[in-house]
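Before any comments, here is the structure.
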Amino acid sequence: MTPLTAGALTVPANADHPAGQTAPAAHPSWKPVVLATIGVGLNPRAVAFDPDYETAYVANAGSNTVSIIDVEARKAIATIDVGKFPYGVAFVRHGAFVYIPNRDSDDLSVIDTRTRKVVKTVTVGDAPRWVAVAPDGRHAYVSSTGSGAITVIDTATHAVTASIPVGLSPRGIAFTPDGRFAYSANSDSDNVSVIDTRTQKVAATITVGDEPRGALVTPDGRTLYISNTIGGTVSVIDTRTRTVTDTITVGANPRGINLYRGGRIAYVANSGSDTVSIFDTRTNHVIGDVAVGDDPRWTASGPDGDYLYVTNTGSHSVSVITLTHSTPPR
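Numbering (this note's numbering), first residue to last: 88 to 417.
Following this line, the structure appears as C-alpha cells:
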C-alpha cells in the first residue's frame, strides 16, 4: 500500500450510521495527521497512558530504561532505570504503580509513580514481554515468551499467584470487558489461547494467521482482533463462537493494534512498512495507511481515543497521530 500523509481517507458510507439507515449523500472524509514526534530512549517497545492521561510511560528496550512523557507538553520529562530489555507497560492500582516486564532479566519492575522509582522486582517466567491488567484491576497477566505461559500477579501484593500454560511464545494479551476471559496471542504456535479467568485454565484454542502478536477486544466484547506479524494480516474473531470470521490484509509485519474514538476505526502498527494501517471495524476494510517512524511496534490510545501513540523502535521515538474529518458541501 502507498502511505497516505496528506490525502483524504473516505470512510464507507455506513461507517457513521446505524445498520439499516441510509447515510447522507455527503459523508465525512478522513485524513490522517501526525501531530508530533517525541524522542525517547533506545528501541522503544510498549507505551501506556496513566489513568488521567497526564503522562505516558515508554519501555526502552535498548537502553534498559523507561521514559516518562508529559502528555500536554509532548516531550519526555524523566527516565527510570529498570531491568534488562524492558518490553511491556501497564498501570495498576489506579495509576499508583507501573508494571514493566523485562525480557532479558526474566523479571518485572514495579515502579511507584509518585516517587518514580522501582520499589520491587518480581521474578516471573522466561522472557516476559507483554502485561495486561484485568478490568477489575486485581490481577495482571504477563506473557512469558520462553516459558509458554501467562504469569498471574496479584496487584495488591505485587506477588505471583499462578502460571497458566498456553501456546508457544505468547505475546499480546487482551481481556473481555467483563474480565471473564483473557486472550493470549501465541506467536510460535499460530493460535490464540482463550483463558477462563475464574479457573485460570485454557478453555479453547483458536487458530489464526502466521505469528500472532497483538490482541484487541472491542468495547462490546463481541470481536477480537489479532495481528499476524509474518502473515501481514489481522484475524477477526467472533468471541461468542470463537471462530475467525474475516481476515484483513494490512501492512508488513503488523504488531500493536488499538481503537480510535467510538471504536469504529482501528489502527495497527506495521513494523515492516513503517506505517499504521487504519481499518473500519464495521466493514473490516482498510481505508488507508499513515507513515510514521522507523519500525513502529506498539500503540496506546489517548483519552476518548482521540489520538494514538505509536512507538518507533528504529527511530527511538513516539509518533502522535490522529484523524481529522470534514463533510464535503452538498
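Backbone N, C-alpha and C define an ideal beta-carbon position, used for all residues, glycine too.
Legend entry - At least 3 beta-carbon pairs within less than 8 Å: the segment 215 to 234 vs the segment 200 to 207: By the C-beta criterion, the segment 215 to 234 is judged not to be in contact with the segment 200 to 207, since fewer than 3 inter-stretch pairs fall below 8 Å.
Inset, instruction - Have a look at Asp-307, Ala-353, Thr-398 and flag the residue whose alpha-carbon is nearest the alpha-carbon of Pro-119. - result: Ranked by Cα distance from Pro-119, the first of Asp-307, Ala-353, Thr-398 is Ala-353.
Legend entry - Beta-carbon proximity of Val-121 to Ser-154, cut-off 8 Å: For the 8 Å CB-CB criterion, Val-121 and Ser-154 do not form a contact.
Legend entry - Whole-angstrom distance between Ser-274 and Thr-109, CA atom to CA atom: Low local confidence applies: a pLDDT of 44 at Thr-109 is under 50, so the model's placement there is unreliable, and no value is given.
Inset, instruction - Could you check the C-alpha separation between Gly-389 and Ser-360 for me, to the nearest Å? - result: Counting only the Cα atoms, Ser-360 lies some 23 Å from Gly-389.
Legend entry - Gly-301 - DSSP class collapsed to helix/strand/coil: Here Gly-301 sits in strand by DSSP.
Legend entry - Whole-angstrom distance between Ile-187 and Asp-199, CA atom to CA atom: Distance between the alpha carbons of Asp-199 and Ile-187 is about 11 Å.
Legend entry - Collapsed DSSP secondary structure at Arg-348 in the structure displayed: Reduced to three states, the DSSP call for Arg-348 is helix.
Legend entry - Backbone CA spacing between Gly-212 and Arg-190 [nearest angstrom]: Each residue's Cα considered, the two are about 9 Å apart.
Inset, instruction - Alpha carbon to alpha carbon, how far is Arg-203 from Pro-306? Give it in angstroms, no decimals. - result: Distance from the CA atom of Pro-306 to the CA atom of Arg-203, rounded to whole angstroms, is 31 Å.
Inset, instruction - Would you kindly work out how many angstroms separate the C-alpha atoms of Asn-371 and Tyr-228, rounded to a whole number? - result: Approximately 29 Å, taken between the alpha carbons.
Legend entry - Host beta strand (DSSP E) of Val-295 (start-end): No beta strand (DSSP E) holds Val-295; DSSP gives it neither H nor E.
Inset, instruction - Just list the beta strand (DSSP E) runs in the segment 161 to 215, keeping only unbroken ones of 3 residues or longer that don't cross its boundaries, in chain order. - result: Taking 3 residues as the shortest admissible run, the segment 161 to 215 contains the following complete beta strand (DSSP E) segments, listed from N- to C-terminal end: 162 to 168, 177 to 179, 184 to 189, 194 to 199, 204 to 210.
Inset, instruction - Can you give me the Cβ contacts of Gly-380 inside the same chain, cut-off strictly under 6 Å, excluding the 5 residues immediately before and after it? - result: Taken in chain order, the residues that qualify are Asn-399, Ser-402, Ser-404, Ser-406.
Inset, instruction - For Val-321, decide whether its Cβ has a neighbour in chain B, counting only Cβ atoms nearer than 8 Å. - result: Judged by its chain identifiers, the structure shown contains no chain B, having just a single protein chain.
Inset, instruction - Specify, as a first and last residue, the run of the beta strand (DSSP E) that His-372 falls within. - result: First-last of the beta strand (DSSP E) with His-372: 372 to 378.
Legend entry - Gly-319 beta carbon less than 8 Å from that of Asn-345: No.
Inset, instruction - Out of Val-295, Arg-309, Gln-287, point me to the one whose CA is closest to Val-279's CA. - result: Of Val-295, Arg-309, Gln-287, the residue nearest in Cα terms is Val-295.
Legend entry - Environment of Thr-263 [buried if 16+ CB atoms lie within 10 Å]: Buried, since its Cβ has 16 or more Cβ neighbours within 10 Å.
Legend entry - Thr-97 versus Thr-409 - alpha carbon distance: In this prediction, Thr-97 scores a pLDDT of 36, lower than 50, which makes its location untrustworthy; the coordinate-derived value is nonetheless stated afterwards. C-alpha separation (whole angstroms): 15 Å.
Inset, instruction - Name the one or two DSSP bridge partners that Ser-322 has. - result: Beta-bridge pairing by DSSP links Ser-322 to Ile-313, Thr-334.
Legend entry - Thr-248: first and last residue of the uninterrupted beta strand (DSSP E) it sits in: Per DSSP, Thr-248 belongs to the beta strand (DSSP E) from 246 to 252.
Inset, instruction - Measure from the alpha carbon of Gly-338 to the alpha carbon of each residue in Ile-317, Asp-223, Tyr-144, His-181, then state which is nearest. - result: Nearest option by C-alpha distance: Ile-317.
Legend entry - Nearest residue (CA-CA) to Gly-224, options Gly-170, Phe-172, Thr-284: When each option's Cα is compared against that of Gly-224, the closest is Thr-284.
Legend entry - Helix, strand or coil at Gly-392 according to DSSP, with G and I counted as helix: The three-state secondary structure of Gly-392, taken from DSSP, is helix.
Inset, instruction - Please state whether DSSP places Thr-409 in a helix, a strand or coil. - result: When DSSP states are grouped into helix, strand and coil, Thr-409 belongs to the strand group.
Inset, instruction - Give me the Cα-Cα distance between Ala-123 and Glu-298, rounded to the nearest whole angstrom. - result: Taking the straight line from one Cα to the other gives about 31 Å.
Inset, instruction - Return yes when the Cβ of Thr-326 is within less than 8 Å of the Cβ of Arg-309, no when it is not. - result: Yes, Cβ-Cβ distance for Arg-309 and Thr-326 is below 8 Å.
Inset, instruction - Could you say which of Lys-288, Thr-328, Gly-259 lies nearest to Leu-303 if we only look at CA atoms? - result: Comparing Cα positions, the closest option is Gly-259.
Inset, instruction - Just grab the DSSP bridge partners of Asp-367 for me. - result: Answer is Ile-352, His-372.
Inset, instruction - Find out if the Cβ-Cβ distance for the pair Ile-164, Thr-152 is shorter than 8 Å. - result: In this structure, Ile-164 lies away from Thr-152, with their beta-carbon atoms at least 8 Å apart.
Legend entry - Neighbourhood of Tyr-140 by C-beta, 8 Å cutoff - its chain only, sequence neighbours within 5 removed: The beta carbon of Tyr-140 lies closer than 8 Å to those of Val-158, Gly-389, Pro-390 in the same chain, with the five residues before and after it left out.
Legend entry - Cα-Cα separation, Arg-384 to Ala-249: Cα to Cα, the separation comes out at about 29 Å.
Inset, instruction - Note down, in chain order, each residue of its chain lying with its Cβ closer than 8 Å to the Cβ of Gln-287, except the 5 sequence neighbours on either side. - result: Hits under 8 Å: Val-239, Ala-249, Ile-251.
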